[in-house]
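Residue numbering for the sequence shown follows this note's numbering, starting at 37 and increasing by one per position. All C-beta atoms, glycine included, are put in the ideal place defined by N, C-alpha and C.
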Amino acid sequence: MPEIKLRNVNKRWGKFYAVENLSMDIEDNSFITLLGPSGCGKTTTLRMIAGLETPTSGQITIGDRVVFDSEAGINVPANKRKVGFLFQNYALWPNMTVYQNISFGLSNIKEEMQTRDDEAGKLSALIEALKNPKELVATIKDCADKNGKIDVKKARLKLIDAYTLSMYSAKELLGFGIQDSADYELEAAKKTTELTNRLNDVIAEHKAKGETLDAEFGVLKDGKPVMSVRKLSKEEVDLSVRRVSRIVKIGMFMDRYPAELSGGQQQRVAIARTLAPEPQVLFMDEPLSNLDAKLRLEMRYELQRLHVETGSTFVYVTHDQMEAMTLATKICLINNGVLQQYEAPLDVYNRPNNLFVADFVGNPSINFIEARGEQKGDGIELELLDGMKAAFIPNEPLTLKDWFEKRDEQARIAAESLKEKLADKSYVEKGNKDEVFKYNIAKVDDDEFAVKEEPVITDGDFVIGIRPEAVKVDPAGKINATIYGAMPTGMESTIKAAVGNFLLTSVTFGNTLYQIGEEIKLDLAGKDILLFDRKSGQVVAAGSLRF
37 MPEIKLRNVN KRWGKFYAVE NLSMDIEDNS FITLLGPSGC GKTTTLRMIA
87 GLETPTSGQI TIGDRVVFDS EAGINVPANK RKVGFLFQNY ALWPNMTVYQ
137 NISFGLSNIK EEMQTRDDEA GKLSALIEAL KNPKELVATI KDCADKNGKI
187 DVKKARLKLI DAYTLSMYSA KELLGFGIQD SADYELEAAK KTTELTNRLN
237 DVIAEHKAKG ETLDAEFGVL KDGKPVMSVR KLSKEEVDLS VRRVSRIVKI
287 GMFMDRYPAE LSGGQQQRVA IARTLAPEPQ VLFMDEPLSN LDAKLRLEMR
337 YELQRLHVET GSTFVYVTHD QMEAMTLATK ICLINNGVLQ QYEAPLDVYN
387 RPNNLFVADF VGNPSINFIE ARGEQKGDGI ELELLDGMKA AFIPNEPLTL
437 KDWFEKRDEQ ARIAAESLKE KLADKSYVEK GNKDEVFKYN IAKVDDDEFA
487 VKEEPVITDG DFVIGIRPEA VKVDPAGKIN ATIYGAMPTG MESTIKAAVG
537 NFLLTSVTFG NTLYQIGEEI KLDLAGKDIL LFDRKSGQVV AAGSLRF
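What follows is the structure, encoded as structure tokens:
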């Protein structure tokens with residue numbers, strides 16, 4: 037499967053930038069989730085790669101083929117990009133059976149492909165099935181009712197899956213009547229000889245034309261495939277339908293209509309239809325959002341398995357950060373059309389680039405605490421939680437002065453770049469301006485409607501980010517707190533603890549019951565506590581707090 041590359045891709049309507057200057061590489065056989073709040077540009081990004089939306093500018097490459105380039109005037113249409121698209125709505129034809137829904141797209145394909153001898157393929161598959169007649173007869177007789185009568189439909193489906201046959205080959209195999217013979221091994225040997233002779237005749241016919249048959253029964257001439265513009269044969273269509281039905285486990289529903297299926301089964305049909313043409317890349321736009329919570333969880337496991345079995349590259353749009361965390365090999369987190377972070381799920385969770393990423397990823401949400409301080413020695417002396425003193429000890433050597441200089445230099449370069457763009461008359465200034473993320477500080481008494489003065493932010497102002505699992509209930513803890521709320525779920529409990537007027541969320545493991553108003557002690561533990569620059573919203577360092 038191919039690698040996908042985006043270079044300086046923009047999409048705007050007037051002054052509104054849905055996607056701004058997006059550059060990223062989607063690796064072969066990866067599972068990428070495009071994550072972000074509603075309206076952030078994730079679906080627009082997906083549609084641009086698929087060819088359903090035309091970028092304003094930039095370049096998109098799938099494999100070694102440029103499918104869009106604004107400067108070169110290249111824009112390959114969606115039906116020529118060999119990609120599959122799975123929508124939020126299953127979009128199944130209600131008047132067609134499952135089989136007809138899956139095969140519909142295949143029957144309309146007409147392109148240059150290798151000429152294939154279907155008869156040779158069918159003969160070879162039947163000979164392979166007859167190699168072990170005892171096992172074959174047992175498979176068929178396993179489909180008998182209590183009176184010993186074979187359920188033909190059930191037997192056909194079982195043969196299709198057991199021997200990777202097409203529907204037509206399975207019908208012919210049952211028609212041999214091997215299972216009804218008193219000496220089925222002798223009957224199978226006779227039939228094998230007959231089929232082998234037929235196959236040899238087919239091979240001889242091709243040889244007379246100067247052609248040979250390869251292992252997959254495509255026709256070769258002078259060592260090269262014989263190519264022709266054609267449609268898929270019924271045999272090829274059926275083999276493709278059966279192949280994908282085995283992958284998503286819906287072989288038994290082929291004769292049903294969509295209205296006779298559950299939501300999860302309909303989603304499997306939609307996935308099978310998308311996989312049938314063997315797309316280079318599979319795009320999915322919130323495909324599980326119409327399912328209930330339990331079924332969504334089951335389908336996540338199915339998608340993980342599907343990714344491994346198909347070896348395809350998956351690009352998946354979601355606003356559910358739990359889906360992104362559990363499915364992805366990499367998360368592409370977008371906000372206001374701008375890429376915020378593109379890394380493995382645990383890297384995004386443990387080492388977010390900025391306040392927005394830290395807040396968006398994680399359930400329960402991260403705790404934010406405002407702090408003031410300055411560097412002293414290897415640590416940063418802080419005052420937080422209404423006068424409490426603490427030292428932040430970074431995991432790696434840190435000099436705040438150097439960090440601030442680098443931040444200011446980046447801001448200067450960005451300002452100069454914008455100035456140059458504005459001087460270009462063809463440039464359209466972004467109307468949906470980017471701003472530093474406005475985080476929330478949870479408090480016991482907080483009038484959100486009160487008029488508040490905008491604080492003057494200096495280099496001494498920071499925000500501490502603490503994941504709920506790092507807020508430990510510990511009798512030896514240094515922070516006095518009161519239980520404000522507790523939600524036990526069996527193996528763990530989510531606690532809201534009041535520290536003065538501030539609320540901290542904690543996740544504790546075990547079945548301890550906490551009472552509202554109960555006095556406890558907390559410890560902010562671990563080396564994954566995050567220090568953010570309040571002025572820019574960027575992460576400064578990860579480390580630990582010492583009280």
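Of Val-575, Lys-158, Phe-583 and Thr-133, the smallest CA-CA separation from Tyr-293 is found for Thr-133.
Across the set Ile-214, Asp-559, Phe-440 and Glu-410, the C-alpha of Asp-559 shows the shortest separation from the C-alpha of Gly-513. Where Ile-163 is concerned, the enclosing alpha helix (DSSP H) starts and stops at 154-165. Straight-line spacing of the CA atoms in Glu-406 and Asp-470 works out to 22 Å.
Measuring C-alpha to C-alpha distances from Ala-108 to each of Arg-117, Gln-95 and Asn-403 identifies Gln-95 as the nearest.
By DSSP's assignment, Cys-368 forms a beta bridge with Leu-70 and Tyr-378. Lys-532 and Ile-565 have their C-alpha atoms roughly 18 Å apart.
By the Cβ-count criterion, Thr-541 is buried, with 16 or more other Cβ atoms from all chains shown falling within 10 Å of its own Cβ. For Arg-309, the enclosing alpha helix (DSSP H) starts and ends at 299-311. Membership of Phe-392 in the alpha helix (DSSP H) is indicated by the continuous run 391-396.
Pairwise C-beta distances place the stretch 309-316 out of contact with the stretch 243-258, as fewer than three of them are shorter than 8 Å. Judged by pairs of C-beta atoms under 8 Å, the stretch 352-366 does not touch the stretch 434-449, as fewer than three such pairs exist. In this structure, Lys-466 sits near Glu-56, with a CB-CB distance shorter than 9 Å.
In the three-state reduction of the DSSP assignment, Asp-481 falls in the coil class, being assigned neither a helical nor a strand state. Cα atoms of Asn-233 and Glu-221: separation of roughly 19 Å, rounded to the nearest angstrom.
For the set Ala-191, Ile-239, Ala-161 and Ala-156, the Cα lying nearest the Cα of Val-173 is the one of Ala-191. A direct Cα-to-Cα measurement between Phe-52 and Cys-76 gives close to 11 Å. For Ile-110 and Gly-211, the gap between their C-alpha atoms comes out near 54 Å. For the pair Asn-468 and Asn-372, the Cα-to-Cα distance works out to about 7 Å. Taking the Cα positions, Ile-85 is about 42 Å away from Lys-207. For the 9 Å CB-CB criterion, Val-575 and Pro-388 form a contact.
The DSSP-derived three-state label of Gln-551 is coil. Contact between the stretch 234-247 and the stretch 191-201 is absent: fewer than 3 CB-CB pairs across the two stretches fall below 8 Å. Rounded to the nearest whole angstrom, the C-alpha separation of Glu-147 and Trp-129 is 24 Å. Secondary structure at Lys-185: coil, using DSSP grouped into helix, strand and coil. Rounded to whole angstroms, the separation of the alpha carbons of Lys-226 and Ile-68 is 53 Å. Burial of Tyr-550 is indicated by the presence of at least 16 other C-beta atoms within 10 angstroms of its C-beta. Beta-bridge analysis with DSSP links Ile-40 to Ile-62 and Ile-98. Assignment of alpha helix (DSSP H) within the stretch 392-459, counting only whole runs of 4 or more residues, yields 436-459 in chain order. Secondary-structure assignment with DSSP links Ser-580 through a beta bridge to Ile-429. Straight through space, the alpha carbons of Tyr-463 and Gly-521 are spaced by roughly 52 Å. Between Gly-254 and Asp-153, the CB-CB gap stays under 9 Å. Under the Cβ criterion (8 Å, minimum of three pairs), the stretch 411-429 counts as touching the stretch 498-505.
Taking C-beta atoms under 8 Å as the contact rule, Gly-562 and Ala-506 qualify, at a distance of about 5 Å. Note on geometry: alpha-carbon atoms of Gly-526 and Phe-545 lie some 9 Å from one another.
Two segments are said to touch when three or more pairs of C-beta atoms, one from each, lie closer than 8 Å; by this definition the stretch 155-170 does not touch the stretch 263-270.
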